[in-house]
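Asks: Protein chains in written order, with the UniProt record's numbering: chain A, 1 to 225; chain B, 1 to 225; chain C, 1 to 225; chain D, 1 to 225.
Using N, Cα and C, we set each Cβ at its ideal position, and we do this for glycine too.
Quick one: structure below, then a few questions.
There are 4 protein chains.
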Amino acid sequence: MTGIMDDGSAGTSAGADEAGSADPAGCAKREQILKGAGTVFLANGYEGASMSRIAQMAGVSKGTLYNHFDGKASLFSAFFDEQARCRLAPIVALSRSDGQSVRLTLVRFADMTIHLLISPMALGLYRIIIGEVEKFPNLADTFWRYGFDRTLGNLTEFLTRSVARGELDIADPALSAEQFLLMCQTRIVQRRRFRLSVDDSDAAIAELAGFIADSFLKIYEPRHQ
Amino acid sequence: MTGIMDDGSAGTSAGADEAGSADPAGCAKREQILKGAGTVFLANGYEGASMSRIAQMAGVSKGTLYNHFDGKASLFSAFFDEQARCRLAPIVALSRSDGQSVRLTLVRFADMTIHLLISPMALGLYRIIIGEVEKFPNLADTFWRYGFDRTLGNLTEFLTRSVARGELDIADPALSAEQFLLMCQTRIVQRRRFRLSVDDSDAAIAELAGFIADSFLKIYEPRHQ
Amino acid sequence: MTGIMDDGSAGTSAGADEAGSADPAGCAKREQILKGAGTVFLANGYEGASMSRIAQMAGVSKGTLYNHFDGKASLFSAFFDEQARCRLAPIVALSRSDGQSVRLTLVRFADMTIHLLISPMALGLYRIIIGEVEKFPNLADTFWRYGFDRTLGNLTEFLTRSVARGELDIADPALSAEQFLLMCQTRIVQRRRFRLSVDDSDAAIAELAGFIADSFLKIYEPRHQ
Amino acid sequence: MTGIMDDGSAGTSAGADEAGSADPAGCAKREQILKGAGTVFLANGYEGASMSRIAQMAGVSKGTLYNHFDGKASLFSAFFDEQARCRLAPIVALSRSDGQSVRLTLVRFADMTIHLLISPMALGLYRIIIGEVEKFPNLADTFWRYGFDRTLGNLTEFLTRSVARGELDIADPALSAEQFLLMCQTRIVQRRRFRLSVDDSDAAIAELAGFIADSFLKIYEPRHQ
DNA sequence: AATGAATGAGTGTTCATTCAT
DNA sequence: GATGAATGAACACTCATTCAT
Numbered sequence: 001m002t003g004i005m006d007d008g009s010a011g012t013s014a015g016a017d018e019a020g021s022a023d024p025a026g027c028a029k030r031e032q033i034l035k036g037a038g039t040v041f042l043a044n045g046y047e048g049a050s051m052s053r054i055a056q057m058a059g060v061s062k063g064t065l066y067n068h069f070d071g072k073a074s075l076f077s078a079f080f081d082e083q084a085r086c087r088l089a090p091i092v093a094l095s096r097s098d099g100q101s102v103r104l105t106l107v108r109f110a111d112m113t114i115h116l117l118i119s120p121m122a123l124g125l126y127r128i129i130i131g132e133v134e135k136f137p138n139l140a141d142t143f144w145r146y147g148f149d150r151t152l153g154n155l156t157e158f159l160t161r162s163v164a165r166g167e168l169d170i171a172d173p174a175l176s177a178e179q180f181l182l183m184c185q186t187r188i189v190q191r192r193r194f195r196l197s198v199d200d201s202d203a204a205i206a207e208l209a210g211f212i213a214d215s216f217l218k219i220y221e222p223r224h225q
Numbered sequence: 001m002t003g004i005m006d007d008g009s010a011g012t013s014a015g016a017d018e019a020g021s022a023d024p025a026g027c028a029k030r031e032q033i034l035k036g037a038g039t040v041f042l043a044n045g046y047e048g049a050s051m052s053r054i055a056q057m058a059g060v061s062k063g064t065l066y067n068h069f070d071g072k073a074s075l076f077s078a079f080f081d082e083q084a085r086c087r088l089a090p091i092v093a094l095s096r097s098d099g100q101s102v103r104l105t106l107v108r109f110a111d112m113t114i115h116l117l118i119s120p121m122a123l124g125l126y127r128i129i130i131g132e133v134e135k136f137p138n139l140a141d142t143f144w145r146y147g148f149d150r151t152l153g154n155l156t157e158f159l160t161r162s163v164a165r166g167e168l169d170i171a172d173p174a175l176s177a178e179q180f181l182l183m184c185q186t187r188i189v190q191r192r193r194f195r196l197s198v199d200d201s202d203a204a205i206a207e208l209a210g211f212i213a214d215s216f217l218k219i220y221e222p223r224h225q
Numbered sequence: 001m002t003g004i005m006d007d008g009s010a011g012t013s014a015g016a017d018e019a020g021s022a023d024p025a026g027c028a029k030r031e032q033i034l035k036g037a038g039t040v041f042l043a044n045g046y047e048g049a050s051m052s053r054i055a056q057m058a059g060v061s062k063g064t065l066y067n068h069f070d071g072k073a074s075l076f077s078a079f080f081d082e083q084a085r086c087r088l089a090p091i092v093a094l095s096r097s098d099g100q101s102v103r104l105t106l107v108r109f110a111d112m113t114i115h116l117l118i119s120p121m122a123l124g125l126y127r128i129i130i131g132e133v134e135k136f137p138n139l140a141d142t143f144w145r146y147g148f149d150r151t152l153g154n155l156t157e158f159l160t161r162s163v164a165r166g167e168l169d170i171a172d173p174a175l176s177a178e179q180f181l182l183m184c185q186t187r188i189v190q191r192r193r194f195r196l197s198v199d200d201s202d203a204a205i206a207e208l209a210g211f212i213a214d215s216f217l218k219i220y221e222p223r224h225q
Numbered sequence: 001m002t003g004i005m006d007d008g009s010a011g012t013s014a015g016a017d018e019a020g021s022a023d024p025a026g027c028a029k030r031e032q033i034l035k036g037a038g039t040v041f042l043a044n045g046y047e048g049a050s051m052s053r054i055a056q057m058a059g060v061s062k063g064t065l066y067n068h069f070d071g072k073a074s075l076f077s078a079f080f081d082e083q084a085r086c087r088l089a090p091i092v093a094l095s096r097s098d099g100q101s102v103r104l105t106l107v108r109f110a111d112m113t114i115h116l117l118i119s120p121m122a123l124g125l126y127r128i129i130i131g132e133v134e135k136f137p138n139l140a141d142t143f144w145r146y147g148f149d150r151t152l153g154n155l156t157e158f159l160t161r162s163v164a165r166g167e168l169d170i171a172d173p174a175l176s177a178e179q180f181l182l183m184c185q186t187r188i189v190q191r192r193r194f195r196l197s198v199d200d201s202d203a204a205i206a207e208l209a210g211f212i213a214d215s216f217l218k219i220y221e222p223r224h225q
C-alpha cells in the first residue's frame with residue numbers, strides 16, 4: 001500500500017528468476033522460516049539463537065533451513081533485510097499531514113516516534129543491531145538506511161516546507177530533524193532500552209511529546225525583532 | 001583527583017595495609033585477566049567471547065580464570081563493574097568549572113561528552129549492555145548508575161545553580177539535563193554506534209558542541225519581555 | 001522362550017507395525033550405543049566412564065549419543081533398565097521343574113544361581129549398583145525388582161508348594177527363600193565379588209550347591225517324632 | 001585394648017623408621033588428613049571425591065595432601081588400610097565368651113554382626129570396596145583379610161571348640177562360619193545395602209538373630225539316634 | 001524439496017597435580 | 001613442612017552443518 005511495500009516487492013521481483021508458480025510456494029516456506037527466525041533472534045540475540053530452535057519455531061526441519069539459506073549468518077541477514085525493508089518506518093506517512101499547525105504535527109510525530117521506539121519489535125531490533133554491529137556491519141547500514149533515513153528524510157522534508165512557509169527558522173533541516181529524533185529518546189525510550197522501569201503510559205508519552213515539540217519550537221521558531 | 005579516583009584508591013588502600021607486597025601480585029593477575037577479558041568481551045560480546053580466548057588473550061591458563069572468578073558470567077560482571085566504576089564519568093569534574101559563562105560550560109560539557117561517548121571503550125560498553133540487557137539486567141542498572149546518573153547529576157546540579165542565578169529558566173532541571181545529554185548524541189555519536197562513517201574530527205565535534213549548546217540555550221535562556 | 005523374552009518381543013512388536021524397516025535401523029544404533037555403554041560402565045563404573053569413551057567404544061560420534069539419550073545419567077539408566085529387564089532372572093523357569101525330588105530341585109537352583117551370580121555381567125551390575133546406589137537410588141530399586149524379586153518369588157512359590165505337599169516345614173517361605181539365596185553366595189560368589197581367587201570350576205560349584213541344598217533341607221525338612 | 005589395637009600399632013611401629021619426636025606431630029597431620037579423606041570418600045566414592053574437598057574437610061592446604069601422600073589413589077589406599085586395620089572386627093572379642101550356651105553365643109554373634117554391617121561406616125566401606133575393586137584390587141584384599149577373615153577366624157575357632165565339646169557336628173567349620181555370616185545378611189543387611197526401606201529396629205534385629213541361630217543349629221546340632 | 005540422524009569442533013567448567021614462595 | 005596460585009588435560013554437553021534417504 002505504501003512505498004515500503006513497493007520497495008519490498010521490487011527487491012524480491014528483481015531477483016525472482018525462479019518466479020512463476022514456484023515462487024509463491026517457495027516464498028511461503030521462506031516467510032515461514034523468517035518468521036520463526038525473527039522470533040528466536042529477537043528473543044535470544046544472534047549467538048543465543050540456535051538453528052534447532054529456529055527450525056522448531058518455524059515448524060520445518062533443520063535441513064530445510066539450509067535449503068533456503070546458506071547458514072545462520074545468512075538467515076540472520078535475510079531476516080534483518082526483510083524487517084528493515086518491510087516493517088520499519090510506519091511514521092513516514094504521518095508527517096505528510098499538512099494543514100495542521102507545526103506544533104501539532106511535531107507533537108504527533110514525537111508521540112508516534114516514542115510509541116514506535118518502545119515497541120517490542122523496535123527495542124529488539126535496536127538491541128540486536130547495536131549488539132551485533134561488529135560482526136554484521138552491513139546490518140546496521142541496512143537498518144539505518146531503511147529504518148532511520150526514511151523517517152529522517154520525511155521529517156527533513158516537513159521542516160524544509162515549514163521553513164519555506166516562514167513557520168520555522170532552520171539552517172540545516174537534516175541536522176535538526178536528527179536532533180528532534182534524539183530528543184524523542186529522552187527519558188522513556190532510553191530507559192526502556194536499559195530495561196529500567198519508567199512510566200510509559202499514553203499520558204506520560206503525550207506529555208513528553210508536548211515537551212519535546214515545545215523545546216524544538218523554542219529553538220527554531222522565528223524570532224521577530 | 002576526582003571522587004572516582006578517591007573511591008578507587010580508598011578500596012585499594014584499605015587492602016594495602018595488610019598485604020604490602022602480596023596484594024599487588026594477586027591484584028596483578030586479576031587485572032591481567034580483566035584486561036584480557038575486556039578485550040575479548042568488547043570485541044565479541046558476551047556470548048561471542050569464549051573463556052579459552054580470554055585465557056589466551058590474558059596470557060593465563062583456563063584454570064586460572066576459574067581460580068579468580070566463579071565463571072564466565074562472574075568474570076563478565078566483574079569486568080563491567082570495574083569499567084563502570086573506574087573509567088566512566090570523567091566528565092564529572094568539568095561541570096564544576098564556575099566563573100565561566102553558561103554557554104562556554106555547556107559547550108565544553110558537550111564537547112567532552114561527545115569525545116567520551118565515541119571512545120572505543122564507551123562504544124563497546126554501550127554495545128554490550130544494550131545487547132545483553134535481557135540476560136544481565138543488573139548490568140544495565142550498574143552502567144546506568146555509574147555511567148549515566150553521576151554525569152546527569154552533575155549537570156542537573158549545574159543547571160539548578162544557573163537557574164538560581166537567573167541565567168537559565170528551567171522547570172525540571174533533571175529532565176533538561178537528560179535532554180542535553182541526548183542532544184549530544186546527535187549525528188556523530190549515533191552514527192559511530194551504527195559504525196557508519198562520519199567526520200569525528202575535533203573540529204567537527206567542537207562545531208557540533210557549539211550547535212548543541214546554542215540549541216539548549218535557545219530553549220532555556222530567560223525571555224525578557 | 002521364557003516370559004522375559006515375551007516381554008521384550010512384545011515391546012518391539014508393538015512398535016513394529018508402524019515402522020517396518022525404519023525401526024530396526026533406529027533400534028540398531030540405540031542397541032549399538034547401549035552395548036558400548038555397557039562395556040564402559042561395567043568396566044569403569046558410572047563416574048569412571050566418560051561419554052567420549054562410550055562413543056568411541058560404540059563406534060559413533062559423541063553427538064549421536066546425545067541424539068539418542070538425554071545425557072550420561074539417562075544413558076546409564078537406559079542401559080540398566082535394559083539389563084535388569086532382559087538379562088537377569090534366567091533362573092525363573094527352573095523352579096517350575098516339578099516331578100523331581102525337592103533336593104534335586106534345590107541343588108539345581110543353587111547351581112544355576114551361583115553360575116549366574118559369578119557371570120561377568122551380574123558381577124558388574126552388582127558392583128555398579130552397590131557403588132552408585134547413593135547417586136541413583138532408583139537403580140537399586142529396579143535391580144532389586146527385576147533381578148531379585150522375581151527369582152525370590154519363584155523360589156518362594158516353589159517352597160510354598162513343597163510345604164503344601166508336606167515335603168518341607170517352613171513358617172515364612174519368603175524369608176527362607178531369601179535365606180537360601182544368601183547361602184548361595186557363600187564362598188565362591190562372595191570371593192568373586194571381592195576379586196579374590198577361588199576355585200569356581202563347575203565341579204566346585206556343584207559340590208557347593210549340594211552343600212547348600214543339604215543345609216537348607218536340614219533346617220526345613222519335617223521332623224517326625 | 002583388644003588384639004586389633006596391637007595389630008595396628010605393630011604395623012605402624014614396624015614402619016616407624018622416622019619415629020622419635022617427628023612421628024607424633026607428623027602423624028597428627030596425617031591422621032587429620034585421613035579423617036577428612038574418609039569423610040569425603042565414604043560420602044562420595046573415589047571418583048566423586050575431589051582433593052580440594054578433602055583438603056578443605058581436613059583443614060589443610062591442597063599442597064599438604066601431596067606432602068603426605070603420593071596422590072589421590074595413594075591417599076585412598078592409605079585410608080582403607082587404616083580403616084581395615086584399626087576399625088574393623090569389633091566382633092572378634094565376643095565369640096570368646098564361653099560358659100554360655102552355644103545358641104546364646106550364636107544369637108549374640110548374629111545380633112552384633114547385623115548391627116555392625118548396617119552401621120554407616122560398614123555400609124560405606126562395603127559400597128566403596130565393591131564399587132572400586134576393579135580399580136583397586138588390593139583394596140578388597142586388605143579389607144577381606146582384616147575385616148572378614150579375622151571375624152571368620154574367631155567364629156571358626158568357636159565352632160571348632162563347640163565341635164570338640166560335642167555341642168555341634170560340623171565337618172568344615174570354616175565353611176560353616178562363612179555360611180553363618182552370610183545368613184546374617186538376610187533381609188535387613190541386604191536391603192540396607194540396596195537402600196531399600198526395612199525395619200531395622202533392635203527388636204527386628206534380635207528376632208532375625210534368633211531365627212539365624214536356630215537355622216544354623218538345625219543344620220549342625222548333633223542328631224542322636 | 002524436505003527430512004532428521006550423524007558429525008565433530010567447540011563450549012564452559014572441574015580437578016589432580018605441581019612448584020615458587 | 002605448609003601453602004595456594006597456576007596449570008592443562010579431561011569432562012559433559014551443544015550446535016552449526018552435512019548428507020543419505
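Between GLU134/B and MET51/D, what straight-line distance do the alpha-carbon atoms span, to the nearest angstrom?
Replies: Within the second sequence, numbered from 1, the residue matching residue 134/B stands at position 134. Within the fourth sequence, numbered from 1, the residue matching residue 51/D stands at position 51. Distance between the alpha carbons of GLU134/B and MET51/D is about 38 Å.
Asks: Whose Cβ in chain A lies nearer than 7 Å to the Cβ of GLU178/B?
Replies: Reading the second sequence from its first residue, position 178 is the one you call residue 178/B. Per Cβ cutoff of 7 Å: THR186, ARG187.
Asks: Using a C-beta to C-beta distance shorter than 9 Å, which residues of chain C count as neighbours of ALA140/D?
Replies: Here the question's residue 140/D lines up with position 140 in the fourth sequence. Under the 9 Å cutoff, chain C gives ARG193, PHE194, ARG195, LEU196.
Asks: Do PHE180/D and LEU196/D come within 8 Å of each other at the CB atom, strictly closer than that value?
Replies: Indexing the fourth sequence from 1 puts residue 196/D at position 196. Indexing the fourth sequence from 1 puts residue 180/D at position 180. Result no, Cβ atoms of LEU196/D and PHE180/D do not sit closer than 8 Å.
Asks: State the Cα-Cα distance for the pair residue 259/A and GLY131/A, rounded to the nearest angstrom.
Replies: Because chain A is modelled from 1 through 225, residue 259/A falls outside the range shown and cannot be assessed.
Asks: In the structure shown, what three-state DSSP assignment does ILE4/C receive?
Replies: What you label residue 4/C is simply residue 4 of the third sequence in a count that begins at 1. No answer about ILE4/C holds up, because its pLDDT of 32 lies below 50 and its placement is not dependable.
Asks: Closer than 8 Å is the cut-off here; do at least three beta carbon pairs connect the region 106–123 of chain A with the region 203–214 of chain A?
Replies: yes
Asks: Taking C-alpha atoms, which residue in LYS35/C, ARG53/C, SER74/C, MET112/C lies nearest to ALA203/C?
Replies: Here residue 203/C refers to the residue found at position 203 of the third sequence. The candidate whose alpha carbon is nearest that of ALA203/C is MET112/C.
Asks: Residues of chain A with a CB under 8 Å from the CB of ALA43/B: which are they?
Replies: On the second sequence, residue 43/B is found 43 positions in, with the first residue counted as 1. What ALA43/B touches in chain A: GLU134.
Asks: List, in order along the chain, the chain C residues whose C-beta lies closer than 9 Å to that of ARG85/D?
Replies: Working through the fourth sequence from its first residue, we reach residue 85/D at position 85. The premise fails here: ARG85/D is roughly 17 Å from chain C at the closest Cβ pair, so nothing lies under 9 Å.
Asks: For GLU42/A, which of helix, strand or coil comes out of DSSP?
Replies: Within the first sequence, numbered from 1, the residue matching residue 42/A stands at position 42. The sequence as given places Leu at residue 42/A; Glu does not occur at that position. Three-state result, LEU42/A: helix.
Asks: List the endpoints of the continuous alpha helix (DSSP H) containing VAL198/C.
Replies: In the third sequence, counting from the first residue as 1, residue 198/C sits at position 198. Segment: none, VAL198/C is in no alpha helix (DSSP H) and carries neither H nor E.
Asks: Unbroken alpha helix (DSSP H) runs of length 4 or more, entirely within the region 107–163 of chain D: which are they?
Replies: Listed in chain order, they are 120–132, 137–143.
Asks: Start and end of the alpha helix (DSSP H) containing LEU75/D?
Replies: Within the fourth sequence, residue 75/D is the residue found at index 75, counting from 1. Taken as a continuous stretch (DSSP letters only), the alpha helix (DSSP H) holding LEU75/D covers 72–82.
Asks: Relative to the C-alpha of ALA140/A, which residue among TYR220/A, ARG191/A, MET57/A, PHE79/A is closest?
Replies: Counting from one through the first sequence, the residue named residue 140/A turns up at place 140. For ALA140/A, the closest of TYR220/A, ARG191/A, MET57/A, PHE79/A by C-alpha to C-alpha distance is PHE79/A.
Asks: Nearest to ALA28/C by alpha carbon, out of ILE205/C, ASN44/C, GLY59/C, GLY45/C?
Replies: In the third sequence, counting from the first residue as 1, residue 28/C sits at position 28. For the residues ILE205/C, ASN44/C, GLY59/C, GLY45/C, the minimum Cα distance to ALA28/C belongs to GLY59/C.
Asks: Against GLU47/C, what residues of chain D qualify as contacts under a CB-to-CB distance less than 7 Å, listed in chain order?
Replies: Walking along the third sequence from the start, residue 47/C turns up at place 47. GLY45, GLU47, GLY48, listed in chain order.
Asks: If the cut is a Cβ gap below 8 Å, which residues of chain C does ARG127/D touch?
Replies: Numbered from 1 along the fourth sequence, position 127 holds the residue referred to as residue 127/D. By Cβ distance, chain C contributes ILE130, GLY131, VAL133, GLU134.
Asks: For chain C, is any of its Cβ atoms less than 8 Å away from the one on SER215/D?
Replies: Within the fourth sequence, residue 215/D is the residue found at index 215, counting from 1. Interface with chain C (8 Å Cβ-Cβ cutoff): SER215/D is included.
Asks: Exposed or buried, which one is ALA22/A when buried takes at least 16 other CB atoms within 10 Å?
Replies: Position 22 of the first sequence, counting from 1, holds the residue named residue 22/A. Low local confidence applies: a pLDDT of 43 at ALA22/A is under 50, so the model's placement there is unreliable, and no value is given.
Asks: Where does GLN100/C land, buried or exposed, given buried means 16+ other C-beta within 10 angstroms?
Replies: Here residue 100/C is taken as the residue at index 100 of the third sequence, counted from 1. Exposed: under 16 other Cβ atoms inside 10 Å.
Asks: My output table needs one value for ARG223/C: the three-state DSSP class, helix, strand or coil.
Replies: Numbered from its first residue, the third sequence carries residue 223/C at position 223. DSSP places ARG223/C in coil when its eight states are reduced to three.
Asks: So, helix, strand or coil for LEU217/A, using DSSP?
Replies: Along the first sequence, read from residue 1 onward, the residue named residue 217/A stands at position 217. Three-state DSSP puts LEU217/A in a helix.
Asks: From this set, PHE194/D, PHE148/D, GLY153/D, which residue's C-alpha is nearest ARG85/D's C-alpha?
Replies: Along the fourth sequence, read from residue 1 onward, the residue named residue 85/D stands at position 85. For ARG85/D, the nearest C-alpha among the options comes from PHE148/D.
Asks: Classify PRO24/B: buried if its beta carbon has 16 or more other beta carbons within 10 angstroms, exposed otherwise.
Replies: For this step, residue 24/B is matched to residue 24 along the second sequence. Because the pLDDT of PRO24/B is 48, which lies under 50, any placement of that residue in the model is unreliable, and the number read from its coordinates should be weighed accordingly. Its Cβ having fewer than 16 others within 10 Å, PRO24/B is exposed.
Asks: For GLN190/B, which residues in chain A fall below 8 Å Cβ to Cβ?
Replies: Along the second sequence, one-based indexing puts residue 190/B at 190. Contact annotation for GLN190/B against chain A: GLU178, LEU182 [CB-CB distance below 8 Å, chain order].
Asks: Residues in the same chain with beta-carbon distance under 8 Å from GLY45/C, minus the five sequence neighbours each way, listed in chain order, please.
Replies: Counted from its first residue, the third sequence places residue 45/C at position 45. Cβ within range, chain order: ARG127, ILE128, GLY131, GLU132.
Asks: Judging by CA-CA distance, which residue of ILE205/A, PHE69/A, ASN138/A is the nearest neighbour of PHE194/B?
Replies: Position 194 of the second sequence, counting from 1, holds the residue named residue 194/B. When each option's Cα is compared against that of PHE194/B, the closest is ASN138/A.
Asks: I need the DSSP call for residue 226/B, collapsed to helix, strand or coil.
Replies: Lying outside 1 to 225, the shown extent of chain B, residue 226/B is not represented and no answer is given.
Asks: Between GLU221/D and ASP169/D, which are expected to be in contact by the criterion C-beta below 8 Å, what is the C-beta distance as a whole number of angstroms?
Replies: Taking the first residue of the fourth sequence as position 1, residue 221/D is located at position 221. Taking the first residue of the fourth sequence as position 1, residue 169/D is located at position 169. So it is a contact: roughly 7 Å between Cβ atoms.
Asks: Just curious, the alpha helix (DSSP H) that LEU175/C is in, first and last residue?
Replies: On the third sequence, residue 175/C is found 175 positions in, with the first residue counted as 1. That run of the alpha helix (DSSP H) goes 173–183.
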